[in-house]
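Engineer: Got a structure for you, questions after.
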């Protein structure tokens, strides 16, 4: 992901040390991933096979192909009352339109399942999954 430009000259010595530690950790992770891939013969990541076949019509599709919002809402409400639902989609992209800052990701984040994110030592901006906590 794209990072904002960093002005190293304006950083304190402690900030530079923290930054270097963070970058060194990331570099080591990248080196480990490369070594693992090379040990496996240099194969690229496996991709899931493409789905094929026919699928039943959705119960909320109107004859003209448009969607009935009320039927979708009723279905979602019913399913969420019966089971755990995992909804996946383009939320990460949609969230980026809000241009959240590092402070936005840390705000009110003391008691999360991941611990105290307000005082976390590395940048958490862009980790959109954290916003659900």
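Residue numbers (my numbering): 84 to 216. In this text, a Cβ means the ideal position worked out from N, Cα and C, and glycines have one as well. Nothing here was measured: the structure is a model prediction, and the numbers come from that model.
1. Since residue 105 is in the alpha helix (DSSP H), which residue starts that stretch and which ends it?
2. Taking all protein chains shown into account, do 16 or more other C-beta atoms lie within 10 angstroms of the C-beta of residue 188, making it buried, or fewer, making it exposed?
3. When you compare each of 191, 173, 145, 185 to residue 209 by their alpha carbons, which one comes out closest?
4. In chain order, what residues of the same chain lie with their CB nearer than 8 angstroms to the CB of residue 162, ignoring the 5 residues before and after it?
5. Helix, strand or coil for residue 133, going by three-state DSSP, please let me know.
6. How should residue 192 be labelled, buried or exposed, when 16 other C-beta atoms within 10 angstroms of its C-beta is the threshold for buried?
7. What does a CB cutoff of less than 8 angstroms around residue 219 pick up in its chain, not counting 5 residues either side in sequence?
8. Taking C-alpha atoms, which residue in 212, 211, 206, 213 lies nearest to residue 109?
9. With DSSP as the reference, please indicate the residues paired to residue 184 in a beta bridge.
Structural biologist: Quick answer:
1. The residue labelled residue 105 in the question sits at position 22 within the chain shown. Start and end: 96–122.
2. Numbered from 1 along the chain shown, position 105 holds the residue referred to as residue 188. By the 10 Å Cβ count, residue 188 comes out buried.
3. Translated into the one-based positions of the chain shown, residue 209 becomes position 126. Closest option to residue 209, judged by alpha-carbon separation, among 191, 173, 145, 185: 185.
4. Within the chain shown, residue 162 is the residue found at index 79, counting from 1. Same-chain partners within the cutoff: 168.
5. Sequence index remark: in the chain shown, residue 133 carries index 50 (1-based). Coil, per DSSP.
6. Within the chain shown, numbered from 1, the residue matching residue 192 stands at position 109. Answer is buried; the Cβ neighbour count reaches 16.
7. Since the displayed the chain opens at 84 and closes at 216, residue 219 lies outside it and no answer follows.
8. Sequence index remark: in the chain shown, residue 109 carries index 26 (1-based). Relative to residue 109, the option among 212, 211, 206, 213 whose CA is nearest is 206.
9. Here residue 184 is taken as the residue at index 101 of the chain shown, counted from 1. DSSP lists no partner for residue 184.
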